[in-house]
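Asker: I'd like to ask some things about the structure below.
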Amino acid sequence: MSDSLSRREFLGAATGVAAGATLGAPFTEGTGFPAVHIRPAAGPVAVASANGLRGVELAGRLLIEGMDTLDAAIEGVKTQELDAEDTSVGYGGLPNEEGVVQLDASCMHGPTRRAGSVGALEGIKTPSVVAKYVLLYTDHIMLVGEGAKRFALSYGFKEEDLLTDKAREIWLRWRANRGPNDDWINVPDDEMMVRRETGTINLNVVNASGDISSVTTTSGLSWKIPGRVGDSPIIGAGQYTDNDIGAAGSTGRGEANIKVCGAFLTVDNMRRGMSPTDAALETLRRVVTTTEPRLLDERGRPRFGLNFYAVNKNGEFGAGSLWSGRRYATFDGETASLRDIPYLYERD
Ligand code: GLY
Numbered sequence: 389m390s391d392s393l394s395r396r397e398f399l400g401a402a403t404g405v406a407a408g409a410t411l412g413a414p415f416t417e418g419t420g421f422p423a424v425h426i427r428p429a430a431g432p433v434a435v436a437s438a439n440g441l442r443g444v445e446l447a448g449r450l451l452i453e454g455m456d457t458l459d460a461a462i463e464g465v466k467t468q469e470l471d472a473e474d475t476s477v478g479y480g481g482l483p484n485e486e487g488v489v490q491l492d493a494s495c496m497h498g499p500t501r502r503a504g505s506v507g508a509l510e511g512i513k514t515p516s517v518v519a520k521y522v523l524l525y526t527d528h529i530m531l532v533g534e535g536a537k538r539f540a541l542s543y544g545f546k547e548e549d550l551l552t553d554k555a556r557e558i559w560l561r562w563r564a565n566r567g568p569n570d571d572w573i574n575v576p577d578d579e580m581m582v583r584r585e586t587g588t589i590n591l592n593v594v595n596a597s598g599d600i601s602s603v604t605t606t607s608g609l610s611w612k613i614p615g616r617v618g619d620s621p622i623i624g625a626g627q628y629t630d631n632d633i634g635a636a637g638s639t640g641r642g643e644a645n646i647k648v649c650g651a652f653l654t655v656d657n658m659r660r661g662m663s664p665t666d667a668a669l670e671t672l673r674r675v676v677t678t679t680e681p682r683l684l685d686e687r688g689r690p691r692f693g694l695n696f697y698a699v700n701k702n703g704e705f706g707a708g709s710l711w712s713g714r715r716y717a718t719f720d721g722e723t724a725s726l727r728d729i730p731y732l733y734e735r736d
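When we follow my numbering, the leftmost residue of the sequence shown carries the number 389, and every step to the right adds one.
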């Protein structure tokens with residue numbers, strides 16, 4: 389079975405746009421919000437977390453060739469899902485505390501207003517594609533755990549061992565050093581052993597017609613409690629698309645994002661007229677106000693990292709981070725590059 393959105397769906401979506409006359413006219417009519425995004429992007433644009441540099445380049449080129457926005461976005465993130473060296477996503481991702489790789493992903497397709505998601509999926513290298521299959525072939529939005537795996541296997545996805553030698557070694561070192569009173573003999577320490585990663589890839593695209601899609605995929609927080617799902621598979625937290633407005637998604641501490649539905653909030657901030665960067669930074673300010681005191685430093689700043697990436701229907705893009713020193717990947721219609729992310733707090 390084809391994993392592309394069908395021609396009929398495209399035609400339906402296109403007909404809907406024409407009938408709704410949303411392009412070239414204020415889309416917020418009657419809502420009381422300023423109508424700011426009334427012009428589709430001049431060319432395709434993609435924005436992603438920094439590990440998405442190859443992904444935005446690929447997605448951008450595929451959009452120029454006319455590929456559907458969600459198909460192109462997923463081709464972009466697959467570069468990381470299939471890359472054993474990226475320990476934050478897909479194959480080669482760092483495992484949970486028991487050494488099992490559990491993957492989360494979600495996606496939204498603006499033109500058809502559909503969403504799909506998988507959580508705690510084991511044994512499948514490309515959870516973003518499984519999430520797209522949930523979107524395409526079911527009346528559901530989210531499948532988790534064993535059910536998500538059986539769903540993937542039914543479509544011919546191959547079950548594979550996702551724990552690479554590199555990820556296993558990092559996990560074993562963490563297990564050996566997890567505490568002074570555990571039953572494991574310590575091994576020489578280094579930064580890799582003790583760091584907890586929440587790496588992820590989020591990628592959002594808009595094509596020249598102003599159609600928008602988003603996808604986020606991750607192996608989640610390293611050494612997590614088995615069964616933990618973060619923000620990535622949560623529609624409205626890990627990513628969100630409104631085809632009239634834009635798309636946004638996140639990387640970083642998922643628990644902090646889930647509490648503010650940060651991707652939805654960022655898109656909603658754009659709906660109220662903010663630029664993508666201002667929208668992302670405003671969401672981060674909300675995150676700070678909803679952070680419990682144990683996670684704040686003596687100056688009231690979060691002790692964790694969180695980033696949002698956003699694009700609007702005009703093809704304007706931006707990002708925001710809690711902390712300085714982060715970069716993000718963009719495809720501006722011609723070239724892919726890394727840019728500094730505006731932030732709330734300067735690192736000491
Ligand atoms: N943002 C990725 C996670 O928390 O799982």
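From the three backbone atoms N, C-alpha and C, an ideal C-beta is built for every residue, glycine too.
Quick caveat: nothing in here was measured; it's all calculated off a predicted structure.
#1: Express the C-alpha separation of Ala635 and Ala406 in angstroms, rounding to a whole number.
#2: Report the three-state DSSP secondary structure of Phe545 (helix, strand or coil).
#3: Does the stretch 473-490 come into contact with the stretch 606-626, if we say contact requires no fewer than three beta-carbon pairs (one atom in each stretch) closer than 8 Å?
#4: Alpha carbon to alpha carbon, what distance is there between Ala460 and Ala447?
#5: Ligand 1 heavy atoms versus the CB of Leu732: any closer than 7 Å?
#6: For ligand 1, is there any heavy atom lying closer than 7 Å to the beta carbon of Thr605?
#7: For the putative contact between Ile646 and Ala625, defined by C-beta atoms under 8 Å, what is the C-beta separation to the nearest angstrom?
#8: Using alpha carbons as the reference points, say which of Tyr628, Asp474, Ile622, Arg659 lies closest to Asn592.
#9: Taking DSSP's pairing of strands, which residues face Ile600 in a bridge?
#10: Using a Cβ-Cβ cut-off of 6 Å (strictly less than) and excluding sequence neighbours within five positions of Arg502, which residues of its own chain qualify?
#11: Under the rule that 16 or more other beta-carbon atoms within 10 Å means buried, what is His528, buried or exposed?
#12: When we look at the beta-carbon of Ser542 and count the other beta-carbons within 10 Å, is it buried (16 or more) or exposed?
#13: Write down the C-beta distance between Val532 and Val506 rounded to the nearest angstrom, noting that I regard them as a contact closer than 8 Å.
#14: Comparing alpha-carbon positions, which option in Asn590, Ser602, Phe652 lies nearest Gly640?
#15: Who are the Cβ neighbours of Arg427 in its own chain at under 6 Å, not counting the five residues just before and after it?
#16: Does the Cβ-Cβ distance between Ala668 and Ala644 come in under 8 Å?
#17: My guess is that Ala438 and Tyr716 are in contact by the Cβ rule of under 8 Å, so how many angstroms apart are they, rounded?
#18: Could you compute how far the alpha carbon of Gln490 sits from the alpha carbon of Thr588?
#19: Which residues in the same chain as Glu734 place their Cβ atom closer than 7 Å to its Cβ, once the five residues preceding and following it in sequence are excluded?
#20: Determine the closest residue to Met530 out of Phe545, Lys546, Leu509, with distance taken between C-alpha atoms.
Answerer: For this structure:
#1: By one-based count along the sequence shown, residue 406 stands at place 18. By one-based count along the sequence shown, residue 635 stands at place 247. Per-residue confidence for Ala406 stands at a pLDDT of 27, beneath the threshold of 50, marking its modelled position as unreliable; the derived number appears in the next sentence. Their backbone Cα atoms lie some 21 Å apart in a straight line.
#2: Position 157 of the sequence shown holds residue 545. Coil at Phe545, not helix or strand.
#3: yes
#4: For the purposes of this step, residue 447 is taken as the residue at position 59 of the sequence shown. For the purposes of this step, residue 460 is taken as the residue at position 72 of the sequence shown. Going from the Cα of Ala447 to the Cα of Ala460 covers about 5 Å.
#5: Position 344 of the sequence shown, counting from 1, holds the residue named residue 732. No, Cβ of Leu732 sits at least 7 Å from all heavy atoms of ligand 1.
#6: Taking the first residue of the sequence shown as 1, we reach residue 605 at position 217. Flag unset: Cβ of Thr605 not near ligand 1.
#7: The count along the sequence shown starts at 1 and reaches residue 646 at position 258. The count along the sequence shown starts at 1 and reaches residue 625 at position 237. Confirmed, Cβ separation roughly 5 Å.
#8: The sequence position of residue 592 within the sequence shown is 204, counting from 1. Comparing Cα positions, the closest option is Tyr628.
#9: Start at 1 with the first residue of the sequence shown, and residue 600 comes out as number 212. Beta-bridge pairing links Ile600 to Val594.
#10: Position 114 of the sequence shown holds residue 502. Closer than 6 Å at the Cβ level, and outside the excluded window around Arg502, lie Leu523.
#11: Taking the first residue of the sequence shown as position 1, residue 528 is located at position 140. It counts as exposed.
#12: Numbered from 1 along the sequence shown, position 154 holds the residue referred to as residue 542. Exposed.
#13: The count along the sequence shown starts at 1 and reaches residue 532 at position 144. The count along the sequence shown starts at 1 and reaches residue 506 at position 118. Yes, Val532 and Val506 are in contact; Cβ-Cβ is about 7 Å, under 8 Å.
#14: Residue numbering aside, residue 640 sits at position 252 when the sequence shown is read from its first letter. Closest option to Gly640, Cα to Cα, is Asn590.
#15: The sequence position of residue 427 within the sequence shown is 39, counting from 1. With a pLDDT of 48 at Arg427, under the threshold of 50, the modelled position of that residue is not reliable, and no figure is offered here.
#16: Indexing the sequence shown from 1 puts residue 668 at position 280. Indexing the sequence shown from 1 puts residue 644 at position 256. Result no, Cβ atoms of Ala668 and Ala644 do not sit closer than 8 Å.
#17: As a first step, residue 438 is located in the sequence shown; it is residue number 50 there, counting from the start. As a first step, residue 716 is located in the sequence shown; it is residue number 328 there, counting from the start. The Cβ separation is near 6 Å, so the contact holds.
#18: As a working note, residue 490 is residue 102 in the sequence shown. As a working note, residue 588 is residue 200 in the sequence shown. C-alpha separation (whole angstroms): 13 Å.
#19: Here the question's residue 734 lines up with position 346 in the sequence shown. Cβ within range, chain order: Ser712.
#20: Sequence index remark: in the sequence shown, residue 530 carries index 142 (1-based). Considering only alpha carbons, the answer is Leu509.
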